[in-house]
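Participant: Here the sequence shown stands for residues 86 to 699, where the numbers follow our numbering.
In this text, a Cβ means the ideal position worked out from N, Cα and C, and glycines have one as well.
These numbers were taken from a predicted model, which means no experiment stands behind them.
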Amino acid sequence: MSAASQPRPAPDARHARRDVQLGELLRRRGVLTEEQLQSALAIQRAKHPDRRLGTILVEQGYASERDVVAARAASVGLPFATITPRLVNPDALRFLPSEFCERRNVLPLAHADGWLTVAVEDFTDLHLVEEIKRQSNLQVQILAATGDNIRQIRTGLTGAAAGDPKAAGKDGSAKEGAAAGSIQSELDELLILSSENRQEEKTQDLQTAAAGSPIVKLVNHMIKTAVEARASDIHIEPEEEEFRIRYRIDGDLVPEQFRPSIHLLPAVVSRIKIIAGMDISERRLPQDGVVSIMLANRPVELRVSTMATPLGEKVVMRLVDGNRRTGNLDELGFMPGLINEFRAAIREPHGMVLVTGPTGSGKTTTLYSALSEIISQTINISTVEDPVERKLKGVNQFQVHPKAGFTFAKALRSLLRQDPDVIMVGEIRDAETAKLATEAALTGHLVLSTLHTNDAPSAVPRLVNMGVEPYLVAASLRAVLSQRLVGRLCLHCRQQTGISHAARAAWQKLSGRPCQVESIYQGVGCARCRHTGYLGRVAVHELLLLREETFEGLGGELDPRGMRQIAKVSPFRPLAHDCLEKITQGMISIDALFELTGALEKGENPPPALSPAA
Numbered sequence: 086m087s088a089a090s091q092p093r094p095a096p097d098a099r100h101a102r103r104d105v106q107l108g109e110l111l112r113r114r115g116v117l118t119e120e121q122l123q124s125a126l127a128i129q130r131a132k133h134p135d136r137r138l139g140t141i142l143v144e145q146g147y148a149s150e151r152d153v154v155a156a157r158a159a160s161v162g163l164p165f166a167t168i169t170p171r172l173v174n175p176d177a178l179r180f181l182p183s184e185f186c187e188r189r190n191v192l193p194l195a196h197a198d199g200w201l202t203v204a205v206e207d208f209t210d211l212h213l214v215e216e217i218k219r220q221s222n223l224q225v226q227i228l229a230a231t232g233d234n235i236r237q238i239r240t241g242l243t244g245a246a247a248g249d250p251k252a253a254g255k256d257g258s259a260k261e262g263a264a265a266g267s268i269q270s271e272l273d274e275l276l277i278l279s280s281e282n283r284q285e286e287k288t289q290d291l292q293t294a295a296a297g298s299p300i301v302k303l304v305n306h307m308i309k310t311a312v313e314a315r316a317s318d319i320h321i322e323p324e325e326e327e328f329r330i331r332y333r334i335d336g337d338l339v340p341e342q343f344r345p346s347i348h349l350l351p352a353v354v355s356r357i358k359i360i361a362g363m364d365i366s367e368r369r370l371p372q373d374g375v376v377s378i379m380l381a382n383r384p385v386e387l388r389v390s391t392m393a394t395p396l397g398e399k400v401v402m403r404l405v406d407g408n409r410r411t412g413n414l415d416e417l418g419f420m421p422g423l424i425n426e427f428r429a430a431i432r433e434p435h436g437m438v439l440v441t442g443p444t445g446s447g448k449t450t451t452l453y454s455a456l457s458e459i460i461s462q463t464i465n466i467s468t469v470e471d472p473v474e475r476k477l478k479g480v481n482q483f484q485v486h487p488k489a490g491f492t493f494a495k496a497l498r499s500l501l502r503q504d505p506d507v508i509m510v511g512e513i514r515d516a517e518t519a520k521l522a523t524e525a526a527l528t529g530h531l532v533l534s535t536l537h538t539n540d541a542p543s544a545v546p547r548l549v550n551m552g553v554e555p556y557l558v559a560a561s562l563r564a565v566l567s568q569r570l571v572g573r574l575c576l577h578c579r580q581q582t583g584i585s586h587a588a589r590a591a592w593q594k595l596s597g598r599p600c601q602v603e604s605i606y607q608g609v610g611c612a613r614c615r616h617t618g619y620l621g622r623v624a625v626h627e628l629l630l631l632r633e634e635t636f637e638g639l640g641g642e643l644d645p646r647g648m649r650q651i652a653k654v655s656p657f658r659p660l661a662h663d664c665l666e667k668i669t670q671g672m673i674s675i676d677a678l679f680e681l682t683g684a685l686e687k688g689e690n691p692p693p694a695l696s697p698a699a
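1. Helix, strand or coil: which one does DSSP assign to His-626?
2. Give the straight-line distance between the Cα atoms of Cys-578 and Arg-498, rounded to the nearest whole angstrom.
3. Using the Cα positions of Arg-114 and Leu-107, report the straight-line distance between them to the nearest angstrom.
4. Is the beta carbon of Ile-424 closer than 8 Å to that of Ala-352?
5. In or out: Ser-543 buried (at least 16 other Cβ within 10 Å) or exposed?
6. For the alpha helix (DSSP H) that Ile-459 lies in, which residues bound it at each end?
7. Indicate the three-state DSSP secondary structure (helix, strand or coil) for Phe-208 in the structure shown.
8. Counting only the same chain and skipping the five closest in sequence on each side, list residues whose C-beta sits under 7 Å from that of Val-438.
9. So, Ala-522 versus Val-507, is the Cβ gap smaller than 8 Å?
10. DSSP on Lys-399, reduced to helix/strand/coil?
11. Measure the alpha-carbon distance for Lys-478 versus Glu-327 and round it to whole angstroms.
12. Buried or exposed for Lys-488, please, with buried defined as at least 16 other CB atoms from any protein chain shown within 10 angstroms of its CB.
13. List the endpoints of the continuous alpha helix (DSSP H) containing Ala-519.
14. Hey, how far is the Cα of Val-469 from the Cα of Ser-457?
15. Alpha carbon to alpha carbon, how far is Ile-334 from Arg-573? Give it in angstroms, no decimals.
16. Apply the 10 Å Cβ neighbour rule to Pro-599 and answer buried if 16 or more other Cβ atoms are within range, or exposed otherwise.
17. With DSSP as the reference, label Ala-677 as helix, strand or coil.
18. Taking all protein chains shown into account, decide if Asn-550 is buried (16 or more other Cβ within 10 angstroms of its Cβ) or exposed.
19. Extract the residue ranges of the alpha helix (DSSP H) inside the stretch 583-634, only unbroken runs of 4 or more that lie entirely within it.
20. On the criterion of 16 or more Cβ atoms from any shown chain inside 10 Å, does Asp-663 qualify as buried, or is it exposed?
21. Could you compute how far the alpha carbon of Gln-91 sits from the alpha carbon of Thr-140?
22. Between the alpha carbons of Thr-391 and Ala-661, how many angstroms are there, rounded?
23. Closer than 8 Å by C-beta to Lys-687: which residues in its own chain qualify, once you throw out the five before and the five after it? Chain order, please.
24. On a Cα-Cα basis, can you pick out the residue from Glu-386, Pro-170, His-196 and Leu-350 that is closest to Leu-242?
25. Use the C-beta contact count for Phe-185: other C-beta atoms within 10 angstroms, 16 or more gives buried, fewer gives exposed.
26. Is it buried or exposed, Val-602, if we count other Cβ atoms within 10 angstroms and call 16 or more buried?
27. If distances are taken between C-alpha atoms only, which option among His-530, Ile-360, His-486 and Thr-492 comes closest to Asp-504?
28. Alpha carbon to alpha carbon, how far is Leu-338 from Ala-125?
29. Rounded to a whole number of angstroms, what is the C-alpha to C-alpha distance between Ala-590 and Asp-152?
30. Assuming Asp-152 is part of the alpha helix (DSSP H), what are its boundary residues?
31. Which residue's Cα is closest to the Cα of Trp-592: Gly-671, Glu-666 and Thr-310?
32. How would you label Met-307, buried or exposed, when you count the other beta carbons within 10 angstroms and need 16 or more for buried?
33. Starting from the C-beta of Leu-275, find all residues in its chain whose C-beta is less than 6 Å away, skip the five residues before and the five after it, and write them out in chain order.
34. Check whether the stretch 115-122 touches the stretch 158-173, taking contact to mean three or more Cβ pairs, one atom from each stretch, closer than 8 Å.
35. To the nearest angstrom, how far is the alpha carbon of Val-375 from that of Arg-514?
36. Helix, strand or coil for Val-469 per DSSP?
Encoded structure:
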């Protein structure tokens, strides 16, 4: 029985306060509605005064056990994680007796420098923490996890990891390693059987091969591995003798441990095309497809793209987590001053607010979070997207279909006849869409959209170059938020370090004031961050606020030079300043600052940013 479902004694006043705090936290995170929270509290008061609120929320289906445990952990300042075999270093298992781990449902994850990191179900039990310290004779770092998750991973590791640490592998991925080895063995056998009579594949032969057990297992293994590793994409890339499988995790491509023969690539691609509803007989032209699957009761959408190369077809599968909720702006890494200014901009009654940045910089996530904050029963919010990334309750969402002639411009023109108050356009791609969005902003609508520019000031000349009249841009544009995603320092292994003189000089050059910070953080690397020093990503922002009078004196010439002058006199928070704040708080490394701002000349080696702390 998990912690969330165990009966507890009648709560005292302190427990009642904690229940209310838990409910409010879940509501702020978007897990519960106010009605669901009040309903659960009413059930607790009327029928189950002896039970904790988290148990009732799970039983009523208002929240999952994971949501409840994550919120409880956040309320006491502990990190929460979904444990996977990759997070477990088998060497750490020897520090606690297996009988104790099973009885108290704990799981050692990593050991370094006299510290033992342990996943714990009952993380509020201080006596348990002391017992772990006594048993291991180490300092203990607690990580919150659900009881079922801990039991599942510990059971999977019992044979290989607990009995023989070497058998589990250096990265703690015994289970995946065994699965991958089994798949590779079956693929080798399939390759031997088919090598005697290999010729140009026919469609019927590919269908038969794609339905074979090794091919199905390989494709399933790729998808399962990607989901468990929080990957955003799967890349399948043909080479001379083999094909390579890589997963994009936190912005970086991580290779699969084995490489199948290139002769098996057509069957693998055909398997993917079949489940995505694509034409397996067409191998010369690019194709796109979509498939929705359930993995461990979790909906996952795969958006498949194929392109032909001289060595075979390259496949990229984008993973969209169906359970991923839309959070609020507080969860996106905004600094306090900037978030207040951006919130004021998205609550304007009319005008245009743009979010800019390169592909994959989190622009759509920011827009969804902005919309979630202004949803109301009294306003009509509509979106035009390609595709609709996530469903938003209380928002009318429309997906464009360019092949059918339903483009952004046509959708926006039709939408303006639907009496909208707020319009979100997924992306301004062409002149017609840009003009319609600007006109909508001038006729009493709040328009939110994305644009591809390198920085916030460049958005204005970009709109002008797309054919929007300068006076219309000046009259409609209210704010431009530019953002990038950078690696977030791993909280489990980051260490303080001093700053070199060269880095101090660069700091002063970018901020315009002397560096007053004596030490910053850098990632060392541990099992949880795959020894990279980074775990997850965080956005860095710059915000340019504009008013019509701001453009006076430019004579209608809204070129990049003029925008640089506007940025000097307008409320403007440059990207470098946001980086410096996040470096000071230990969220990112100083290397991200040099990479993002281009402070160093191209080809010049970066200064030694870090020096060992005294």
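Facilitator: Concretely, from the data shown:
1. strand
2. 52 Å
3. 11 Å
4. no
5. buried
6. 448-459
7. coil
8. Ala-430, Ile-431, Leu-533, Arg-563 and Ala-564
9. no
10. strand
11. 46 Å
12. exposed
13. 516-527
14. 16 Å
15. 13 Å
16. exposed
17. helix
18. exposed
19. 586-596
20. buried
21. No answer about Gln-91 holds up, because its pLDDT of 44 lies below 50 and its placement is not dependable.
22. 38 Å
23. Per-residue confidence for Lys-687 stands at a pLDDT of 36, beneath the threshold of 50, marking its modelled position as unreliable; no derived number is given.
24. Pro-170
25. exposed
26. exposed
27. His-530
28. 44 Å
29. 45 Å
30. 150-160
31. Glu-666
32. buried
33. Confidence in Leu-275 is poor, its pLDDT being 47 and thus under 50, which makes the residue's placement too unreliable to answer from.
34. no
35. 23 Å
36. strand
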